[in-house]
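Mind the numbering: the sequence shown is residues 3 to 183 in the numbering used here, read in order.
Even glycine gets a Cβ: it sits at the ideal position worked out from N, Cα and C.
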Amino acid sequence: MTKTVTLAVSGSISAYKAADLSSRLTKSGYDVHILMTQAATSFITPLTLQVLSKNPVHVELMQEENAKIINHIELAKQTDLFILAPASANTIAHLAHGFADNMVTAVALALDSGIPKLLAPAMNTKMYDNPITQANLQLLKENGYQEIEPRSSLLACGDVGRGALAELDVIVKKIEEKIHE
């Protein structure tokens with residue numbers, strides 16, 4: 003039986019890496035459904051991810067194409083594993099505090115508690131190390147999320163430090179481990 007991976011993409015320069023991640027997961031036989039925040043669409047187009055995943059990409063929360071289906075609820079029901087990569091500070095904060103104001107956070111809140119939930123932060127070092135972001139990450143961990151920690155690197159802003167999206171090999175390995183538990 004094909005497993006469904008719901009890949010949520012939030013607004014970070016690392017959003018372009020979602021294309022490679024989606025492609026790798028699709029080629030590995032997963033049914034990949036992609037959710038994007040509006041900010042993510044500034045970094046990569048939904049069409050790119052649609053072509054690579056071979057599924058529609060969901061951006062608008064209130065865009066219901068079938069009146070008999072509540073899209074974010076149905077997507078949550080189909081999910082075998084949820085991953086937010088890249089996870090921006092903004093989306094992490096929204097998830098930690100229960101906001102459901104976009105497709106990513108609405109689907110995440112509608113997930114069954116037994117669904118594996120991963121997040122791979124990507125942001126400036128100071129944003130990642132900020133006590134508020136760390137508290138939000140801790141709250142998510144207490145509620146069933148597992149963090150794939152960012153790596154130290156030269157960041158897009160020119161700073162050097164922890165905050166770069168984890169290597170895709172690390173992310174794919176973690177997805178495979180969690181989905182086969």
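Residue i and residue j closer than 9 angstroms at C-beta
i: M38; j: A91; result: no
i: H60; j: I36; result: yes
i: I72; j: V7; result: no
i: A78; j: A112; result: yes
i: T50; j: A21; result: yes
i: T127; j: G165; result: yes
Inter-residue CB distance, residue i and residue j (contact presumed, cutoff 8 angstroms)
i: I46; j: A17; result: 5 angstroms
i: I173; j: I150; result: 6 angstroms
Nearest candidate by alpha-carbon position, reference residue i, set the options
i: N145; options: H35, I117, M105; result: I117
i: Y147; options: S14, E178, Q52, L83; result: L83
i: L63; options: N126, L170, A110; result: A110
i: G135; options: L113, I94, K175; result: Per the sequence shown, residue 135 should be read as Thr rather than Gly. It is I94.
i: Q140; options: N73, K19, L120, A98; result: A98
i: L121; options: G100, K143, N104, L49; result: K143
i: T4; options: A124, S24, S30, S12; result: S30
i: I15; options: N104, I177, A41; result: A41
i: D114; options: G100, A89, T81; result: T81
i: A124; options: P48, R153, V106; result: R153
Reduced DSSP secondary structure (H/G/I, E/B, other) of residue i
i: H182; result: coil
i: V61; result: coil
i: T107; result: helix
i: A91; result: helix
i: S55; result: helix
i: E169; result: coil
i: S154; result: strand
Uninterrupted alpha helix (DSSP H) stretches inside the stretch 121-145 (no shorter than 4 residues):
If we require 4 residues or more, the alpha helix (DSSP H) runs fully inside the stretch 121-145 come out as 127-131, 133-144.
Would you mind listing the beta strand (DSSP E) stretches within the stretch 19-44 that are 3+ residues and don't spill past its ends, in chain order?
For the beta strand (DSSP E) assignment, the uninterrupted runs of no fewer than 3 residues enclosed by the stretch 19-44 are, from N- to C-terminal side, 33-38.
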